[in-house]
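2 protein chains.
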Amino acid sequence: MRGGSEAPLVSTLEKAELNMNLDALYSELTLKPSGKLALVVLDGLGDVATREQGFVTPLEAAVTPNLDALSKDSAQGRMLPLAPGITPGSGPGHLALFGYDPLEYQVGRGVIEALGLGMELKAGDVAARANFCTLDERGIVIDRRAGRIETSVCERLCALLSSKVKKLGETEVIIKAGKGHRFVVVFRGKGMEGPLTDADPHREGFAIPTVQPVNAKSVKAKKAAKLVAEFYKAALPLLGKEKPANGFLMRGIAHQPDIPKFQDRYKLRPACIAIYPMYKGLAQLVAMTKLEGHQTIAEQFERYLAEYDNYDYFFIHFKYTDMYGEDGNFAAKRKAVEDFDAALPILLRKKPEVLAITGDHSTPCVIKGHSWHPQPVLLHSAYSGSDKLERFTETGANCGSLGLFEAKYLIRLMQANAKMLDKFGA
Amino acid sequence: MRGGSEAPLVSTLEKAELNMNLDALYSELTLKPSGKLALVVLDGLGDVATREQGFVTPLEAAVTPNLDALSKDSAQGRMLPLAPGITPGSGPGHLALFGYDPLEYQVGRGVIEALGLGMELKAGDVAARANFCTLDERGIVIDRRAGRIETSVCERLCALLSSKVKKLGETEVIIKAGKGHRFVVVFRGKGMEGPLTDADPHREGFAIPTVQPVNAKSVKAKKAAKLVAEFYKAALPLLGKEKPANGFLMRGIAHQPDIPKFQDRYKLRPACIAIYPMYKGLAQLVAMTKLEGHQTIAEQFERYLAEYDNYDYFFIHFKYTDMYGEDGNFAAKRKAVEDFDAALPILLRKKPEVLAITGDHSTPCVIKGHSWHPQPVLLHSAYSGSDKLERFTETGANCGSLGLFEAKYLIRLMQANAKMLDKFGA
Chain A
23 MRGGSEAPLV
33 STLEKAELNM
43 NLDALYSELT
53 LKPSGKLALV
63 VLDGLGDVAT
73 REQGFVTPLE
83 AAVTPNLDAL
93 SKDSAQGRML
103 PLAPGITPGS
113 GPGHLALFGY
123 DPLEYQVGRG
133 VIEALGLGME
143 LKAGDVAARA
153 NFCTLDERGI
163 VIDRRAGRIE
173 TSVCERLCAL
183 LSSKVKKLGE
193 TEVIIKAGKG
203 HRFVVVFRGK
213 GMEGPLTDAD
223 PHREGFAIPT
233 VQPVNAKSVK
243 AKKAAKLVAE
253 FYKAALPLLG
263 KEKPANGFLM
273 RGIAHQPDIP
283 KFQDRYKLRP
293 ACIAIYPMYK
303 GLAQLVAMTK
313 LEGHQTIAEQ
323 FERYLAEYDN
333 YDYFFIHFKY
343 TDMYGEDGNF
353 AAKRKAVEDF
363 DAALPILLRK
373 KPEVLAITGD
383 HSTPCVIKGH
393 SWHPQPVLLH
403 SAYSGSDKLE
413 RFTETGANCG
423 SLGLFEAKYL
433 IRLMQANAKM
443 LDKFGA
Chain B
23 MRGGSEAPLV
33 STLEKAELNM
43 NLDALYSELT
53 LKPSGKLALV
63 VLDGLGDVAT
73 REQGFVTPLE
83 AAVTPNLDAL
93 SKDSAQGRML
103 PLAPGITPGS
113 GPGHLALFGY
123 DPLEYQVGRG
133 VIEALGLGME
143 LKAGDVAARA
153 NFCTLDERGI
163 VIDRRAGRIE
173 TSVCERLCAL
183 LSSKVKKLGE
193 TEVIIKAGKG
203 HRFVVVFRGK
213 GMEGPLTDAD
223 PHREGFAIPT
233 VQPVNAKSVK
243 AKKAAKLVAE
253 FYKAALPLLG
263 KEKPANGFLM
273 RGIAHQPDIP
283 KFQDRYKLRP
293 ACIAIYPMYK
303 GLAQLVAMTK
313 LEGHQTIAEQ
323 FERYLAEYDN
333 YDYFFIHFKY
343 TDMYGEDGNF
353 AAKRKAVEDF
363 DAALPILLRK
373 KPEVLAITGD
383 HSTPCVIKGH
393 SWHPQPVLLH
403 SAYSGSDKLE
413 RFTETGANCG
423 SLGLFEAKYL
433 IRLMQANAKM
443 LDKFGA
């Protein structure tokens with residue numbers, strides 16, 4: 023689709039050098055930690071003001087005395103998760119917040135699911151999101167979720183497959199049950215990569231398609247595709263007599279990319295305080311320490327207090343703004359913001375030197391899904407300055423001193439506010 | 023304290039690929055059309071508020087009830103035509119609006135003039151903007167416009183040249199008369215490119231300079247320059263006895279770059295509803311269908327209504343804001359905005375799913391010409407949200423949710439608002 027013969031003004035090489043230089047520069051300027059940094063993500067926080075809702079967003083409609091108090095001493099702005107108009111999944115949304123260019127580090131869904139189940143992946147592992155299904159006698163998918171079998175059944179079937187299919191040639195096969203009919207398969211071997219097409223017809227009435235490399239030229243992906251076919255050959259017969267879970271589908275088949283560790287990149291000891299598997303998985307992808315055992319935002323903030331001395335950077339994830347945005351439930355999303363606000367004073371008992379509160383993307387109620395709208399961000403530190411905004415809202419953030427910027431730069435602003443970025447040049 | 027040794031994360035080559043990837047990513051995410059997209063360009067719309075005019079811009083001074091009503095349900099922002107401080111011509115200004123990086127796709131004035139006259143250029147054609155002039159007996163230019171001869175004279179002279187100079191070697195020569203003393207020459211051959219320096223002293227009292235390649239190293243440009251010299255050698259004697267048009271000047275000599283077609287790039291059937299040749303030419307450059315036969319903005323909007331079902335994307339161009347800005351005529355520019363506003367309800371009878379109203383650049387009255395000031399943009403859709411701005415103005419747009427962004431991304435935002443861009447990543 024690209025342009026044809028006209029030569030770009032800046033040569034490919036020059037452009038590449040320019041890009042590389044910025045990352046290298048940040049690394050070079052990065053100083054040792056001083057103080058604590060906290061990134062608090064209200065998933066899907068951003069929204070849009072529509073006529074139907076009286077021209078306010080859930081964040082604007084919410085009663086948020088604690089955020090309001092904080093906003094008086096904070097800078098605000100809006101962040102592009104990736105690039106104008108692009109709606110990110112949770113993976114790219116969070117990687118950007120962690121300071122990794124989501125285009126540079128693409129992570130397939132299978133990898134994220136595996137990480138979310140607590141599997142310790144290695145760079146090069148190929149992972150697939152899988153689930154049991156029901157096949158008829160001709161191999162046609164007649165129920166893509168196998169009647170949503172119980173988790174206990176799923177665990178038994180995964181144990182069965184695990185015990186019988188441990189290796190395929192030199193490649194190790196690791197299977198782990200998830201919730202309900204879901205599980206994950208990891209292939210640990212050499213010389214493989216994703217992405218592959220799905221072993222899933224995506225609707226009932228069709229057979230399970232054979233997977234193919236997305237990039238037909240990739241030798242590594244061909245090897246991975248061959249292995250998935252071998253796995254089906256070995257595993258499907260083992261389920262032949264099961265009811266209703268006599269088959270399985272595989273999606274999002276991809277390899278774990280080699281992502282630099284957060285601690286190496288920023289010289290910060292990072293901790294993840296999330297509840298949902300996917301976000302723990304995303305944190306693990308950049309080698310954050312996952313803290314466990316909390317079930318509410320209040321408990322998450324308490325955990326932060328307890329672990330305050332042990333880490334330099336805390337990633338605290340709050341799911342419900344996204345969940346209710348996906349439902350299109352304005353009142354519930356507003357209430358989720360209020361619940362968050364009510365718990366916020368716990369965090370502030372030991373206020374981090376740098377506190378960023380934002381979303382990984384917007385999930386507008388009117389869209390009932392992720393969107394491309396820049397998410398609002400609030401940045402608070404002794405050096406953030408005040409944008410003189412009485413509240414933290416999308417509309418206010420439009421006029422904030424941070425302006426509109428790519429989310430991958432947030433961590434650089436946090437570093438700067440922690441005085442962890444040295445001066446450039448004399 | 024410095025970091026130091028950290029190796030760059032990604033190799034030079036990989037980074038270059040990443041850059042390319044953003045365009046590729048947009049292509050990959052582009053979905054089939056749903057609904058109509060309209061780009062309405064008030065040429066040179068942006069302006070600056072000066073003390074002399076009571077600190078308002080023409081857009082702010084204008085009475086615009088229809089734009090005001092629209093703005094309540096719209097997002098706003100400001101767009102950099104190209105990069106900070108760069109004042110674009112109409113070519114780069116519009117190419118950016120069509121989503122093409124103006125640095126990547128450079129189009130010479132000769133090419134634009136040829137397209138504006140309805141000539142069907144091919145990639146690689148070299149085109150020159152030309153006009154008849156008066157030379158004295160020594161070949162000195164004594165009237166750069168040959169007394170502004172009538173169009174009919176111009177047409178006769180062009181026919182004369184066309185009949186005598188059809189080919190130069192293997193290269194085809196195509197000549198077309200414009201208005202008054204103006205015409206266009208196209209050289210259609212192989213292995214040529216622009217840009218060349220002008221065959222125009224740009225003032226009277228000097229001879230016509232010999233053209234030279236702008237890039238002295240370009241073999242293709244040398245060939246083109248040689249051809250222009252041959253053309254002068256063949257054509258000038260044919261005019262020897264004419265009065266006053268016994269010579270001609272050539273400017274903006276350039277080749278047509280190979281630009282990907284709009285429809286291929288965005289999966290949208292595009293139509294151009296412009297009045298002035300240059301804008302039709304620019305639309306043709308990306309292979310939009312040019313609709314003809316309208317003379318006023320009201321007629322242009324009527325035409326949009328009539329063609330509503332036949333296209334997915336409408337480019338509607340309004341010239342007068344730029345024209346009066348160039349004149350430095352504040353009152354007339356304000357009136358042009360009001361005329362536009364009065365016609366707007368015609369368009370809104372069949373409101374497009376996504377409507378963008380903006381300029382291709384600013385033409386501030388105080389500058390009497392194009393400028394580098396970011397133009398304001400209004401974006402309206404069911405998902406644009408409201409920035410709670412009561413009016414569409416430069417000052418209001420500064421606080422819009424779209425922020426300040428490069429104009430080439432506008433179409434991506436339009437695609438997103440039409441739900442024509444798929445989600446990226448899981």
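From first to last, the protein sequence lines are chains A and B.
Sequential numbering from 23 applies to the first sequence in my numbering.
Sequential numbering from 23 applies to the second sequence in my numbering.
No residue lacks a Cβ here, since even glycine has one placed at the ideal position from N, Cα and C.
Quick caveat: nothing in here was measured; it's all calculated off a predicted structure.
According to DSSP, residues forming a beta bridge with residue i
i, result
"A/F120", "Answer is none; A/F120 lacks a bridge partner."
"B/V399", "B/G99 and B/T380"
"A/E194", "A/K189 and A/R210"
"B/I338", "B/V62 and B/I295"
"B/G1", "This structure leaves residue 1 of chain B out entirely; chain B is present only between 23 and 448."
"B/R204", "B/N153"
"A/P235", "A/L218"
"B/K445", "A/T109"
"A/K312", "A/C294"
"B/L260", "DSSP, once it has assigned bridges, lists no residue as partnering B/L260."
"A/A199", "A/F205"
"A/S393", "A/S384"
"B/G68", "B/S384"
"B/T52", "B/L443"
Interface residues of chain A facing residue i [CB-CB closer than 7 Å]
i, result
"B/D409", "T417 and N420"
"B/N153", "Going along chain A, no residue has its Cβ under 7 Å from B/N153, so there is no contact; the nearest lies around 27 Å."
"B/L53", "Per Cβ cutoff of 7 Å: no residues; B/L53 is ~11 Å from chain A at best."
Within chain A, partners of residue i - CB distance below 9 Å
i, result
"B/K212", "Within chain A, no residue comes near B/K212; the closest Cβ sits about 13 Å away, beyond 9 Å."
"B/G191", "By Cβ distance, chain A contributes nothing, its closest Cβ being about 23 Å from B/G191, past 9 Å."
"B/L47", "L104, A105, I108 and L125"
"B/F427", "L102, P106 and L426"
Beta strand (DSSP E) segment containing residue i, residue limits
i, result
"A/A152", "V148 to L157"
"A/A358", "Per DSSP, A/A358 belongs to no beta strand (DSSP E); it is in the alpha helix (DSSP H), F352 to L370."
"A/R273", "G269 to H277"
"B/V163", "V163 to D165"
Chain-ordered chain B contacts of residue i [CB-CB under 7 Å]
i, result
"A/G111", "K445, F446, G447 and A448"
"A/I433", "What A/I433 touches in chain B: nothing, since even the nearest Cβ is about 14 Å away."
Residue i, enclosing alpha helix (DSSP H) - first and last residue
i, result
"B/G303", "P299 to L307"
"B/L138", "Sequence inspection shows Gly at residue 138 of chain B; the Leu mentioned does not correspond to that position. Here the alpha helix (DSSP H) through B/G138 covers R131 to G138."
"B/R225", "No alpha helix (DSSP H) holds B/R225; DSSP gives it neither H nor E."
"B/N88", "P87 to S93"
"B/F323", "I319 to E329"
"B/T417", "E416 to A419"
"A/N439", "L432 to N439"
"A/F284", "F284 to Y288"
Per-residue contacts from residue i into chain B (C-beta, under 9 Å)
i, result
"A/F362", "Within 9 Å Cβ-Cβ: nothing; A/F362 doesn't reach chain B, min ~21 Å."
"A/V70", "A97, Y405, S406, G407, S408 and S423"
"A/L67", "Chain B residues near A/L67: none, gap ~14 Å exceeds 9 Å."
"A/R73", "K94, D95 and S408"
Interface residues of chain B facing residue i [CB-CB closer than 8 Å]
i, result
"A/F77", "K94, S408 and K410"
"A/P114", "F446 and G447"
Contact test: residue i Cβ vs the ligand PLP heavy atom, cutoff 7 Å
i, result
"A/A364", "The ligand PLP is absent from the structure shown, which contains no ligands of any kind."
Chain A residues whose Cβ lies nearer than 8 Å to that of residue i
i, result
"B/Q2", "In the structure as shown, chain B starts at 23 and stops at 448, and residue 2 of chain B therefore has no counterpart that could be examined."
Practice problem: Compile a chain-ordered list of the residues in the stretch 279–310 of chain A whose CB is closer than 8 Å to at least one CB of chain B. | Solution: Those residues of the stretch 279–310 of chain A that come within reach of chain B (Cβ to Cβ, closer than 8 Å) are P282, D286, R287 and K289.
Quiz item: Any residues in the stretch 120–140 of chain A with a beta carbon nearer than 8 Å to a beta carbon of chain B? Which ones, in chain order?
Solution: Answer in chain order: D123, P124, L125, E126, Q128, V129, G130, R131 and I134.
Quiz item: Going along the chain, which residues of the stretch 229–252 of chain A sit with their C-beta nearer than 7 Å to a C-beta in chain B?
Solution: Shown here is that no member of the stretch 229–252 of chain A has a Cβ falling below 7 Å from a Cβ of chain B.
Quiz item: Along the stretch 262–281 of chain A, what residues have a CB closer than 7 Å to any CB found in chain B?
Solution: Going along the stretch 262–281 of chain A in chain order, one finds G274 with a Cβ nearer than 7 Å to chain B.
Quiz item: Going along the chain, which residues of the stretch 79–111 of chain A sit with their C-beta nearer than 7 Å to a C-beta in chain B?
Solution: Legend: CB atoms of the stretch 79–111 of chain A lying less than 7 Å from CB atoms of chain B belong to residues R100, L104, A105, P106, G107, I108, T109, P110 and G111.
Self-check item: Positions along the stretch 373–397 of chain B whose CB lies within less than 8 Å of some CB in chain A
Solution: For chain A, none of the residues of the stretch 373–397 of chain B brings a beta carbon within less than 8 Å of one of its beta carbons.
Self-check item: Touch test, the stretch 429–445 of chain A against the stretch 39–58 of chain A, Cβ-Cβ under 8 Å, three pairs minimum
Solution: Flag = yes, the stretch 429–445 of chain A and the stretch 39–58 of chain A touch.
Quiz prompt | Stretch pair the stretch 124–144 of chain A + the stretch 402–416 of chain A: three plus CB contacts closer than 8 Å | solution = Touching, no, given that fewer than three Cβ pairs across the two stretches are closer than 8 Å.
Quiz item: Should the stretch 243–252 of chain B be regarded as contacting the stretch 163–179 of chain B, the criterion being three or more beta carbon pairs within less than 8 Å?
Solution: Put simply, the stretch 243–252 of chain B does not touch the stretch 163–179 of chain B. Fewer than three CB pairs are less than 8 Å apart.
Quiz item: At a cut of 8 Å, does the stretch 311–324 of chain A reach the stretch 274–282 of chain A through at least three beta carbon pairs?
Solution: Result no; under three Cβ-Cβ pairs closer than 8 Å.
Exercise. Evaluate the contact criterion for the stretch 430–440 of chain B versus the stretch 395–414 of chain B: three or more CB pairs, one atom per stretch, below 8 Å.
Key: Pairwise C-beta distances place the stretch 430–440 of chain B in contact with the stretch 395–414 of chain B, as three or more of them are shorter than 8 Å.
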